[in-house]
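Everything in the sequence shown is counted per numbering that gives the first Met the number 0, starting at 0 for the first residue and increasing by one.
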Amino acid sequence: MCDFSQSESENETMRNLTMNPSAETTVSYSDDSQTDLTPEMLWRLQTMSGSLMVAALVEVFLGGVGLLKLIVRFVGPITVACTVSLIGYSLTKVPLMYGRPCFPVTIACAALVVIFVLYCKDITLPMPRCGKESKAKPRTRVPIFQLVPILLAIIVMWALTWILTAADVFTDDPNDVQYLARTDAKLSVIDRSRWLQITYPGQFGTPRVSAAVISGFLVAFLTSMIESVGDYFAAQKACSVPRPPDHAICRGILMEGLGSVLSGSVGAGHATTSYSGNIALLSVSKTASRYVMYTAALLLVGLSLLGKVGAALTSVPNPVLGGVVVLLVGTVFAIGIENLNRVDMTSSRNLVVVGVPFMCGVMIPKCLEMYPGIVDTGVPSVDQVLKVMLDMPMFIGGSLALFLDNTVPGTLESRGMAEPDLTKDEENGVTERETEVALSAYSWSFYPRVVNVFPCLARLPFMPKA
Numbered sequence: 000m001c002d003f004s005q006s007e008s009e010n011e012t013m014r015n016l017t018m019n020p021s022a023e024t025t026v027s028y029s030d031d032s033q034t035d036l037t038p039e040m041l042w043r044l045q046t047m048s049g050s051l052m053v054a055a056l057v058e059v060f061l062g063g064v065g066l067l068k069l070i071v072r073f074v075g076p077i078t079v080a081c082t083v084s085l086i087g088y089s090l091t092k093v094p095l096m097y098g099r100p101c102f103p104v105t106i107a108c109a110a111l112v113v114i115f116v117l118y119c120k121d122i123t124l125p126m127p128r129c130g131k132e133s134k135a136k137p138r139t140r141v142p143i144f145q146l147v148p149i150l151l152a153i154i155v156m157w158a159l160t161w162i163l164t165a166a167d168v169f170t171d172d173p174n175d176v177q178y179l180a181r182t183d184a185k186l187s188v189i190d191r192s193r194w195l196q197i198t199y200p201g202q203f204g205t206p207r208v209s210a211a212v213i214s215g216f217l218v219a220f221l222t223s224m225i226e227s228v229g230d231y232f233a234a235q236k237a238c239s240v241p242r243p244p245d246h247a248i249c250r251g252i253l254m255e256g257l258g259s260v261l262s263g264s265v266g267a268g269h270a271t272t273s274y275s276g277n278i279a280l281l282s283v284s285k286t287a288s289r290y291v292m293y294t295a296a297l298l299l300v301g302l303s304l305l306g307k308v309g310a311a312l313t314s315v316p317n318p319v320l321g322g323v324v325v326l327l328v329g330t331v332f333a334i335g336i337e338n339l340n341r342v343d344m345t346s347s348r349n350l351v352v353v354g355v356p357f358m359c360g361v362m363i364p365k366c367l368e369m370y371p372g373i374v375d376t377g378v379p380s381v382d383q384v385l386k387v388m389l390d391m392p393m394f395i396g397g398s399l400a401l402f403l404d405n406t407v408p409g410t411l412e413s414r415g416m417a418e419p420d421l422t423k424d425e426e427n428g429v430t431e432r433e434t435e436v437a438l439s440a441y442s443w444s445f446y447p448r449v450v451n452v453f454p455c456l457a458r459l460p461f462m463p464k465a
């Protein structure tokens with residue numbers, strides 16, 4: 000049950016703690032945990048968790064009742080291109096932050112990934128075999144550099160940074176930024192972690208709700224849904240399958256909302272959404288099997304239970320991660336731009352419709368960064384919501400591209416929406432030619448048998464037709 004109230008004494012305590020962040024008072028958030036949180040941290044975490052759960056219900060509703068498909072019908076390749084490309088732009092700071100401890104390692108890792116992906120993709124390695132019968136057969140050769148190029152690059156660069164750490168190339172001063180390039184910089188995380196870590200709802204206390212925080216989360220969810228739709232179309236391009244039908248998009252948004260509710264209940268403090276970097280991995284690895292995703296999900300669940308094993312993965316040096324992110328962010332850029340291949344870019348109409356959202360998506364967040372006080376309505380809660388909205392390039396560019404593309408006169412051919420894989424019918428969001436392919440890509444092999452037993456499932460907006 001959420002606690003909607005906060006007493007005046009609590010408010011005064013929070014104000015005092017804000018003025019004195021060095022307060023030594025701590026509060027343990029669970030009986031068996033050895034990690035302590037200050038009252039301010041605990042209160043903020045409870046407020047974020049409760050507000051996140053409430054705001055996530057809006058996303059669950061929009062995906063569950065199928066209202067999102069009303070917006071999707073107006074989404075064309077121009078909107079997708081602007082949204083996805085600006086997602087890549089918004090991530091450009093990530094490799095810089097990760098690579099700051101040692102840029103040469105970041106550059107070397109990025110170069111190694113590029114070499115594996117582009118120059119070594121056709122190299123195959125023989126797999127070991129055993130038994131007399133297997134020796135009579137030719138060895139199985141696997142294109143290892145095409146399947147796991149990023150993992151191989153991480154292993155190689157991780158080993159290299161370990162050698163550099165052992166040779167004392169990096170400083171051992173924890174206050175120096177270069178310290179994060181060492182392989183032993185995060186060993187304390189492993190020491191503090193428990194072997195068995197059980198995550199459960201309410202482990203940080205009773206969730207609280209704040210109207211201002213809910214407003215901020217609602218704006219973030221609106222942006223996330225627009226971004227997710229762009230991600231879905233980008234994943235469709237990466238997997239070479241038909242355009243996602245309406246029920247698949249609604250189901251994706253529904254699951255993101257349910258994941259966010261679960262995330263808030265366990266005190267994660269952040270929502271769950273699609274990640275453009277994973278789409279880049281689809282393009283690089285050429286692996287899009289849902290069984291691979293099932294296996295990865297089970298692996299992550301297992302790692303979350305084994306605290307020390309999961310913590311060991313965080314010991315990858317930041318510069319190594321920065322090199323990997325360089326390729327992922329660049330691939331996101333390329334996926335976004337690729338959506339313009341069917342758009343008539345010789346048309347002045349399309350040049351403006353594409354260029355203005357791009358420019359606004361880059362310029363407005365920069366303006367807020369340079370002039371933080373430019374948004375001042377006199378109402379702090381309104382200022383907070385506006386700043387959240389205007390600080391997201393993909394929201395600004397995507398929404399503006401959606402508006403311009405559907406209000407400025409133009410033919411379907413020039414807008415890139417006349418091709419078979421982008422033309423939608425009224426019933427399921429794809430053309431008749433694509434129905435069979437879309438059913439296999441966005442449904443399950445056992446689903447028809449389930450519908451025969453429970454025919455009501457086919458009537459749900461987020462489930463495919465029988």
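Even glycine gets a Cβ: it sits at the ideal position worked out from N, Cα and C. Predicted, not measured: the structure shown is a model, and the values here were computed from it.
Beta-carbon separation of residue i and residue j under 8 angstroms?
{"i": "G415", "j": "V342", "result": "yes"}
{"i": "V104", "j": "M40", "result": "no"}
{"i": "L217", "j": "A54", "result": "yes"}
{"i": "T330", "j": "S262", "result": "no"}
{"i": "C366", "j": "G396", "result": "no"}
{"i": "D245", "j": "K464", "result": "no"}
{"i": "G237", "j": "I278", "result": "It is Ala, not Gly, that sits at residue 237 in the sequence shown. Yes, the Cβ-Cβ distance between A237 and I278 is below 8 angstroms."}
{"i": "F220", "j": "V57", "result": "yes"}
{"i": "I252", "j": "S398", "result": "no"}
{"i": "V325", "j": "Y88", "result": "no"}
{"i": "V112", "j": "I149", "result": "yes"}
{"i": "K120", "j": "Q145", "result": "yes"}
{"i": "A296", "j": "P356", "result": "no"}
{"i": "M393", "j": "T82", "result": "yes"}
{"i": "R99", "j": "V176", "result": "yes"}
{"i": "A440", "j": "V240", "result": "yes"}
Between which two residues does the alpha helix (DSSP H) harbouring residue i extend?
{"i": "N405", "result": "P392 to T406"}
{"i": "H246", "result": "D245 to S264"}
{"i": "L159", "result": "P148 to A165"}
{"i": "K92", "result": "K92 to G98"}
{"i": "D172", "result": "Per DSSP, D172 belongs to no alpha helix (DSSP H) and is neither H nor E."}
{"i": "D230", "result": "A210 to C238"}
{"i": "T343", "result": "The residue asked about is misnamed: residue 343 is Asp in this sequence, not Thr. Run containing D343: none; DSSP gives neither H nor E here."}
{"i": "Q45", "result": "P38 to V64"}
{"i": "A503", "result": "Look at the range of the chain in this structure, 0 to 465, and you will see that residue 503 is not part of it."}
{"i": "M362", "result": "S347 to M369"}
{"i": "A310", "result": "G306 to L312"}
{"i": "D382", "result": "P379 to L389"}
{"i": "K68", "result": "L67 to V71"}
{"i": "V331", "result": "N317 to E337"}
What is the C-beta distance between residue i and residue j, in whole angstroms, given that I count them as a contact (C-beta under 8 angstroms)?
{"i": "A544", "j": "V323", "result": "The chain is shown from 0 up to 465; residue 544 falls before or after that span and cannot be answered."}
{"i": "R289", "j": "G62", "result": "The Cβ separation is near 19 angstroms, so there is no contact."}
{"i": "S214", "j": "T272", "result": "Not quite, the Cβ-Cβ distance comes to about 18 angstroms (not below 8 angstroms), so this is no contact."}
{"i": "G306", "j": "L195", "result": "7 angstroms"}
Return the chain-ordered list of same chain residues with a C-beta closer than 7 angstroms to the C-beta of residue i, the five sequence neighbours on each side being excluded.
{"i": "P20", "result": "For P20, the predicted structure reports a pLDDT of 36, less than 50, and the residue's modelled location is therefore unreliable. A value from the coordinates is still provided. Within the same chain, P20 has no close Cβ partners at all."}
{"i": "D404", "result": "G75, I77, T78, V352 and R414"}
Leaving aside the five residues before and after residue i along the sequence, list all residues of the same chain whose C-beta is less than 8 angstroms from its C-beta, in chain order.
{"i": "L421", "result": "Low confidence applies here, because L421 scores a pLDDT of 41, under 50, leaving its location unreliable; read the following figure in that light. Correct list, in chain order: G75, P76, R242, R341 and G415."}
{"i": "F3", "result": "Residue confidence for F3 is low, a pLDDT of 36 falling below 50, so the modelled location carries little weight and cannot support an answer."}
{"i": "R448", "result": "none"}
Keeping to the same chain, check which residues put their C-beta closer than 6 angstroms to that of residue i; ignore five residues upstream and five downstream.
{"i": "L498", "result": "Within the shown structure, residues of the chain are numbered from 0 to 465, placing residue 498 beyond reach of any answer."}
{"i": "E426", "result": "Only weak support exists for where E426 lies, its pLDDT of 47 falling under 50; the coordinates are left without a value."}
Contact the stretch 313-321 vs the stretch 177-192: 3+ CB pairs below 8 angstroms: As far as the Cβ criterion goes, the stretch 313-321 touches the stretch 177-192, which means the pair count is three or higher.
Segment contact flag, the stretch 335-354 with the stretch 228-237, C-beta cutoff 8 angstroms, min 3 pairs: Yes, they touch.
Contact between the stretch 346-366 and the stretch 139-157 (3+ Cβ pairs under 8 angstroms): Taking a cut-off of 8 angstroms on C-beta distances, the stretch 346-366 does not touch the stretch 139-157, as fewer than three cross pairs fall below it.
Any 3 or more C-beta pairs closer than 8 angstroms across the stretch 195-208 and the stretch 33-52: They touch, by the three-pair rule.
Three-pair Cβ contact test at 8 angstroms for the stretch 111-128 versus the stretch 189-200: In short, these stretches do not touch, since the Cβ pair count stays below three.
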